[in-house]
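Undergrad: Pasting a structure here, questions to come.
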Amino acid sequence: MLHGMSTTVEPVSERSAAEVNEEIRALWLRSGGTLTSEQREEYQRLVMEWATVAHPPLRAA
């Protein structure tokens, strides 16, 4: 039986969830607890990256 292959490319993080979490913590420390709009964008990107590496999507066998 042949299975279809996905043609989409999923970004792969080279960092662990712990490394991304550390960057999130550092961002909050640098900001003093109040994020600028630019920092909020960075925070959102980091949270998405963390979620991806902390809870990778399940792959069908």
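The UniProt record's numbering numbers the first residue of the sequence shown as 1 and each following residue consecutively. Just so you know, even glycine gets a beta-carbon here, dropped at the ideal spot from N, CA and C. Bear in mind the structure is a predicted one, so any value in this text is a computation, not a measurement.
What separation, rounded to the nearest whole angstrom, lies between the Cα atoms of Thr36 and Tyr43?
TA: Taking the first residue of the sequence shown as 1, we reach residue 36 at position 36. Taking the first residue of the sequence shown as 1, we reach residue 43 at position 43. C-alpha separation (whole angstroms): 10 angstroms.
Undergrad: Does the beta-carbon of residue 81 have 16 or more other beta-carbons within 10 angstroms, so that it is buried, or is it exposed?
TA: In this structure the chain extends from 1 to 61, so residue 81 is not present and cannot be described.
Undergrad: DSSP three-state label for Met1, please.
TA: Your numbering for residue 1 matches position 1 in the sequence shown. Its pLDDT being 46, under 50, Met1 is placed unreliably in this model, and the value from its coordinates should be taken loosely. Coil, per DSSP.
Undergrad: Secondary structure at Ser16, three-state DSSP: helix, strand or coil?
TA: As a working note, residue 16 is residue 16 in the sequence shown. Here Ser16 sits in coil by DSSP.
Undergrad: Please state the DSSP three-state secondary structure of Leu27.
TA: Taking the first residue of the sequence shown as 1, we reach residue 27 at position 27. If DSSP states are grouped into helix, strand and coil, Leu27 belongs with the helices.
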